[in-house]
Amino acid sequence: MEGEKTERRSLKYIRLAAFLAGQSGETDRIVLTLPDIEEIVGETLPPNARFPSWWRNDERKMHSRAWLTAGWRVGQMAGERAEIEFLRVKP
0 MEGEKTERRS LKYIRLAAFL AGQSGETDRI VLTLPDIEEI VGETLPPNAR
50 FPSWWRNDER KMHSRAWLTA GWRVGQMAGE RAEIEFLRVK P
């Protein structure tokens, strides 16, 4: 059961990675709200996602690896609507 939970959790972040990886090569910046991201992943994000620290670019965290592996990093989380800025990593 525990392995199944981990697999489900990682699948939702794979959906986020696929969304980011699918962006046009000309797109260098995307700003998404938490509801936007929840729609992409198909689930509610954990309560900690309401805090900027959750959005750190930390390869040790499963959710961070999703956007980092897709070639993006989080620039910042800001605003009343909790907007997350994703920036394409330049090679």
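Note that the sequence shown ends on residue 90 in numbering that gives the first Met the number 0; no numbers are left out. For each residue, glycine too, the CB sits at the ideal point set by N, CA and C. Only a predicted model underlies this, so the values are computations on that prediction, with no experimental measurement involved.
- prompt: Once you ignore the five residues that flank Arg80 on each side, which residues in its own chain have a CB closer than 7 Å to its CB?
  reply: Thr32
message: Less than 7 Å between C-beta atoms, sequence neighbours within five positions excluded: which residues of the same chain meet that for Val88?
response: Gly70, Trp71 and Arg72
- prompt: Whose C-alpha, out of Glu42, Gly78 and Thr68, is nearest the C-alpha of Pro90?
  reply: Thr68
- prompt: For Leu10, which three-state DSSP category applies?
  reply: helix
query: Between Ala77, Gly78, Tyr12 and Asn56, which lies nearest to Glu38 when the distance is taken from Cα to Cα?
result: Tyr12
- request: State the start and end residues of the unbroken alpha helix (DSSP H) segment that holds Val88.
  value: Where Val88 is concerned, there is no enclosing alpha helix (DSSP H), given that its DSSP letter is neither H nor E.
message: By alpha-carbon positions, which one of Asp27, Gly74, Pro45 and Met76 ends up nearest to Met61?
response: Pro45
- prompt: Excluding sequence positions up to five away, which residues of its chain have a Cβ less than 7 Å from the Cβ of Ser63?
  reply: Arg55, Asn56 and Asp57
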